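Novice:
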Amino acid sequence: MNKEERLQLADLLFPNIKNDVSYYENLYPKRELNKDNMITRYGPSPTGSVHLGNLFSAFCDMIYANQSKGKFFLRIEDTDQKRAVEGGIENITGVLKGFNIIPDEGYDYGGDYGPYQQSKRTEIYQTYIKKLIIEGYAYPCFMTEKEIATIREEQELLKIKIGIYGHYAVDRDLSLDEIKEKLSNNEDYVIRLKSPGDASKQIEIIDCIKGKMKFPEHDVDTVLLKKDKTPTYHFAHAIDDHLMHTTHVIRGDEWVSSLPLHIQLFEVLGFEKLNYAHIAPLTIKDKETGTIRKLSKRKDPWAGAKYYKEEGIPIEALHLYLATIANTNFEEWYLNNQDKKISDFEFKFDKQAIGGTSFDEAKLNNICKTYFSRKNGEEVYNETLEYANSFDKDYAILLENNKSNMIKFLNIEKDSARPRKDIAKYSDVKEEFSYAIDELFEKEAYSKYDGDKKYDTALIEEYLKILNLDCTNEEWFNDVKNFAITNGYAGSPKDYKKEPDKYKGHVGDICEAIRVIVTGRTKSPDLFSILKILGKERIKDRINLYKKIVIS
RNA sequence: GGCCUGUUGGUGAAGUGGCUUAACACACUGCCCUCUCAAGGCAGCAUUCACGGAUUCGAAUUCCGUACAGGCUACCA
10 MNKEERLQLA DLLFPNIKND VSYYENLYPK RELNKDNMIT RYGPSPTGSV
60 HLGNLFSAFC DMIYANQSKG KFFLRIEDTD QKRAVEGGIE NITGVLKGFN
110 IIPDEGYDYG GDYGPYQQSK RTEIYQTYIK KLIIEGYAYP CFMTEKEIAT
160 IREEQELLKI KIGIYGHYAV DRDLSLDEIK EKLSNNEDYV IRLKSPGDAS
210 KQIEIIDCIK GKMKFPEHDV DTVLLKKDKT PTYHFAHAID DHLMHTTHVI
260 RGDEWVSSLP LHIQLFEVLG FEKLNYAHIA PLTIKDKETG TIRKLSKRKD
310 PWAGAKYYKE EGIPIEALHL YLATIANTNF EEWYLNNQDK KISDFEFKFD
360 KQAIGGTSFD EAKLNNICKT YFSRKNGEEV YNETLEYANS FDKDYAILLE
410 NNKSNMIKFL NIEKDSARPR KDIAKYSDVK EEFSYAIDEL FEKEAYSKYD
460 GDKKYDTALI EEYLKILNLD CTNEEWFNDV KNFAITNGYA GSPKDYKKEP
510 DKYKGHVGDI CEAIRVIVTG RTKSPDLFSI LKILGKERIK DRINLYKKIV
560 IS
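For the first sequence, our numbering assigns the number 10 to the initial residue and increments by one for each residue that follows.
In structure tokens form, the structure reads like this:
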């Protein structure tokens, strides 16, 4: 076909497209940037619930754009209607907001390079396809599924590369008349790339994260426009990221093998090349098989974004975890710069993991605990209340009714240089501080106690008489010691160990009795602080409760 | 089958030819502190970097081969 015929063909195929490519080139002018500004994008498909890996990828887009004072935009990649899920787009935007990953522009956020939804860009794609047809880089292909399957079988048998290329691309050189005839027969067709590549040649591609990679040149006539005239991922990527002026394509590493195709598309379309950064997948060691595999929403609860909200994992803590897996040196930096923010750290692509990154629940847990340990009682209270309002309404009511006391409990040992680390998520607060709220404590009814002792309530009632809450921790403990000694207990565990036969027990045993009666468990934060907040009356109530439930 | 990529301890990993008797963190174990727990302090935790070979005075670091793992090989993204 000569140029004249190709022009005719293009008009025949896309009579609806009147604009020239230059129309869009002018409509979406280059962004005004300096050379450091990174334009990144997150391009989710609305096909279901959001995976942690998606969140991670969006998180990376955000940090690199923010730290370079560039832009991070959101583009909905919904070219496949078959896989679309109802409410899928709202789900994505909701999850991003919920996790505080906020794009600068894009779907729902506005911007000059829209529409930011691929299903609304059909004309744009067709305009560029028309250009490719005219220039001889694309052609209609009328092969049926069956024909393609047959070729595939043959290629599998011959153990050669699978696909439509070389002599398998039978419609590559159809004449205009042949095409016209098929068209008049209403035969279905797709538009394929007429690949100019030569697979015997090697190309070298530099990925920001993976470094140098060598590939054979791309020579497959990949589908660019599907039967329904919508673009495939590859074509949409080339057009959109060019027109939206993305500078860095940050995406999952399942795309690296498409790199030769993408590079070729940019060449054929005459687009300026951009940078790619392929991030390693989130993996986990399968407990059953012992092999490493990708995090799976079906098998691993923490693979789904939802999980973090439902469990009550603080978003900031999750961000901290994502940052530690994004850049391997972040963790150490943060350890030495505890007062700084994530955005103060300089993320670099070459500090990003190349192979798979194993999801480490224990580490996330530790980060969460540290997060909570650094928040004061009021902050923990407010955040927990917010969580409970969404996921545990009954508890939210209890929290509101016990606000001042609850904050006091949450503040225990907070002013020390070594704050406690016993909470890892909002849902832990209810469990850990059940003794703070009478209704909850009564309902719990000493079920958290795991020993088999029955404590001497008469002794503790006796103790209550001498209990003075208006003193320092030290003075209080001296009182307990004296009380222990006058009742035949040793004043310290050391004394007891020396002559165990001489005593009924030691101060620790007295404290244990008080602790269990008052908190329902053998382990708790500072006992005196708890007693002080509770006050004598409630302590008395608890002794009675203990008698009623455990003794009788 | 073809094409890519990866493989350092229980985990995340540092490491880019001698400064590594392999950093740091998490986890785990022991001890100390101590009214319990948490926190904290101290100590322990890979004689070795998947395996085999090559280059080199010298390799976790370079090269080749093998094994294993992951990805792609769709008119899905």
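Every residue, glycine too, gets a C-beta built ideally from N, C-alpha and C. The structure presented is a predicted model; accordingly, all values stated were derived computationally and were not measured.
Assign G261 to one of three DSSP states: helix, strand, or coil.
Specialist: Of the three classes helix, strand and coil, the one that applies to G261 here is strand, per DSSP.
Novice: Can you list, in chain order, the stretches of the alpha helix (DSSP H) that have 4 or more residues and sit fully within the stretch 50 to 83?
Specialist: Here the runs fully enclosed are 61 to 76.
Novice: For L540 and L478, which I take to be in contact (beta-carbon distance under 8 Å), what is that distance rounded to the nearest angstrom?
Specialist: So it is a contact: roughly 6 Å between Cβ atoms.
Novice: Compare the beta carbon distance of F82 and C217 with 7 Å and say whether it is the shorter of the two.
Specialist: No, they are not a contact pair.
Novice: Could you check whether D29 and T49 sit closer than 7 Å to each other, using their CB atoms as the reference points?
Specialist: No.
Novice: Residues bridged to G497 by DSSP?
Specialist: DSSP, once it has assigned bridges, lists no residue as partnering G497.
Novice: Could you give the distance in angstroms between the alpha-carbon of T366 and the alpha-carbon of Y343?
Specialist: Answer to the nearest angstrom: the Cα atoms are 19 Å apart.
Novice: Please classify L167 as buried or exposed, where buried requires at least 16 neighbouring CB atoms within 10 angstroms.
Specialist: Answer is exposed; the Cβ neighbour count stays below 16.
Novice: Does DSSP put L192 in a helix, in a strand, or in coil?
Specialist: L192: helix per DSSP, three-state reduction.
Novice: Tell me the DSSP secondary structure of P310 in three-state form.
Specialist: The answer is helix: DSSP assigns P310 an H, G or I state.
Novice: Keeping to the same chain, check which residues put their C-beta closer than 6 Å to that of K191; ignore five residues upstream and five downstream.
Specialist: Once the five neighbours on either side are set aside, the close Cβ partners of K191 are F151.
Novice: Residues bridged to A579 by DSSP?
Specialist: Residue 579 lies beyond the range of the chain shown here (10 to 561); nothing can be said about it.
Novice: Just mark L36 as buried or exposed, buried being the case when its beta carbon has 16 or more other beta carbons within 10 Å.
Specialist: Its Cβ having fewer than 16 others within 10 Å, L36 is exposed.
Novice: Just the Cα atoms here: how many angstroms apart are Y285 and D250?
Specialist: If I take the Cα positions, the gap works out to 11 Å.
Novice: With DSSP as the reference, identify every bridge partner of I212, one or two as the case may be.
Specialist: F224.
Novice: Does the stretch 86 to 101 come close enough to the stretch 337 to 356 that 3 or more CB-CB pairs lie under 8 Å?
Specialist: At 8 Å Cβ cutoff, the stretches do not touch.
Novice: What is the DSSP secondary structure of N100, counted as helix, strand or coil?
Specialist: Reduced to three states, the DSSP call for N100 is helix.
Novice: My output table needs one value for A93: the three-state DSSP class, helix, strand or coil.
Specialist: If DSSP states are grouped into helix, strand and coil, A93 belongs with coil.
Novice: Between which two residues does the alpha helix (DSSP H) carrying V559 extend?
Specialist: Looking at the DSSP string, V559 is not in any alpha helix (DSSP H), and its letter there is neither H nor E.
Novice: On the three-pair Cβ rule with 8 Å, is the stretch 228 to 244 touching the stretch 121 to 140?
Specialist: Touching, yes, given that three or more Cβ pairs across the two stretches are closer than 8 Å.
Novice: Hey, could you find the ends of the alpha helix (DSSP H) H515 is sitting in?
Specialist: First-last for H515: undefined, no H or E at that position.
Novice: Along the chain, where does the alpha helix (DSSP H) containing H243 start, and where does it finish?
Specialist: Element bounds for H243: 242 to 252.
Novice: Quick check: A247 and I143, are their CB atoms within less than 7 Å of each other?
Specialist: No, the Cβ-Cβ distance between A247 and I143 is not below 7 Å.
Novice: Between which two residues does the beta strand (DSSP E) carrying K294 extend?
Specialist: It spans 291 to 294 - the beta strand (DSSP E) in which K294 sits, taken as one unbroken run.
Novice: Evaluate the contact criterion for the stretch 97 to 107 versus the stretch 57 to 68: three or more CB pairs, one atom per stretch, below 8 Å.
Specialist: Output reads yes: the stretch 57 to 68 touches the stretch 97 to 107.
Novice: Is it true that the stretch 511 to 530 meets the stretch 456 to 470, where meeting means three or more beta-carbon pairs spaced less than 8 Å apart?
Specialist: Yes, they touch.
Novice: For N284, report the span of its beta strand (DSSP E) as first-last.
Specialist: N284 -> beta strand (DSSP E) spans 284 to 288.
Novice: Measure the alpha-carbon distance for D465 versus G364 and round it to whole angstroms.
Specialist: Those two C-alpha atoms are separated by around 60 Å.
Novice: Using a Cβ-Cβ cut-off of 8 Å (strictly less than) and excluding sequence neighbours within five positions of K189, which residues of its own chain qualify?
Specialist: Hits under 8 Å: L21.
Novice: I'd like to confirm the pairing. Which residues does DSSP put opposite G115 in its beta bridges?
Specialist: Note: G115 sits in a beta bridge opposite L83, G119.
Novice: What's the call for Y32, buried or exposed, on a 16-neighbour Cβ count within 10 Å?
Specialist: Exposed: under 16 other Cβ atoms inside 10 Å.
Novice: Spell out a yes or no on whether the stretch 379 to 393 and the stretch 415 to 422 are touching, meaning 3 or more CB-CB pairs, one atom from each, closer than 8 Å.
Specialist: They touch, by the three-pair rule.
Novice: Whole angstroms are fine: how far does the CA of K282 sit from the CA of D113?
Specialist: So the two alpha carbons sit approximately 23 Å from each other.
Novice: Where do the N-terminal and C-terminal ends of the beta strand (DSSP E) with L234 fall, by residue?
Specialist: Where L234 is concerned, the enclosing beta strand (DSSP E) stretches over 232 to 234.
Novice: So what's I363 in DSSP terms, helix, strand or just coil?
Specialist: In this structure, I363 counts as coil in the three-state DSSP scheme.
Novice: Can you tell which of N491, A433, K315 has the C-alpha that lies nearest to the C-alpha of E5?
Specialist: The requested residue 5 does not occur in the structure, where the chain is confined to residues 10 to 561.
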